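**Q**
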Amino acid sequence: MKYLHLGKDTSIEIQNIVGIFDLDTSTVSKHTREFLSICEKENRIVNVSYELPKSYILYDFSGEYSIYLSPLNTATLIKRMSE
Numbered sequence: 369m370k371y372l373h374l375g376k377d378t379s380i381e382i383q384n385i386v387g388i389f390d391l392d393t394s395t396v397s398k399h400t401r402e403f404l405s406i407c408e409k410e411n412r413i414v415n416v417s418y419e420l421p422k423s424y425i426l427y428d429f430s431g432e433y434s435i436y437l438s439p440l441n442t443a444t445l446i447k448r449m450s451e
């Protein structure tokens, strides 16, 4: 299995990643903000660092979705996935 390191001590399985999104550009949409708000209310958001998040990762683990907030930008995460 391949893992993606998101920052601090957090790594997740690449095969379960649904998408990697830039926090600044994707939250312009009202629908995305509503989705993230629902995830927060359902305790599905994991902040991997105390730093300001730059991206979020939609993760599917056996049909249970989670959002991981990462201080790394999307380009860095995508580069790490391809290595």
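Mapping of the sequence shown onto our numbering: residues 369 to 451, in sequence order. The beta carbon of each residue, even a glycine, is placed where N, CA and C say it ideally should be. Please read all numbers here as calculations on a predicted model, not as lab measurements.
1) So, using beta-carbon positions, are residue 391 and residue 423 closer together than 8 Å?
2) For residue 449, collect the residues of the same chain with a Cβ closer than 7 Å to its Cβ; drop the 5 residues on either side in sequence, then sort them by chain order.
3) Compare the beta carbon distance of residue 426 and residue 435 with 8 Å and say whether it is the shorter of the two.
4) Exposed or buried, which one is residue 440 when buried takes at least 16 other CB atoms within 10 Å?
5) Return the residue from the list 433, 399 and 442 that minimises the CA-CA distance to residue 411.
**A** In short:
1) Residue 391 sits at position 23 when you count from the first residue of the sequence shown. Residue 423 sits at position 55 when you count from the first residue of the sequence shown. For residue 391 and residue 423, yes; Cβs fall inside 8 Å.
2) The count along the sequence shown starts at 1 and reaches residue 449 at position 81. So the list reads 372 and 382, once near-sequence residues are dropped.
3) As a working mapping, residue 426 is identified with position 58 in the sequence shown. As a working mapping, residue 435 is identified with position 67 in the sequence shown. Going by C-beta atoms, residue 426 is nearer than 8 Å to residue 435.
4) As a first step, residue 440 must be located in the sequence shown, where it is residue number 72. With 16 or more Cβ atoms within 10 Å of its Cβ, residue 440 is classed as buried.
5) Working through the sequence shown from its first residue, we reach residue 411 at position 43. Residue 433 is the option with its Cα nearest to residue 411.
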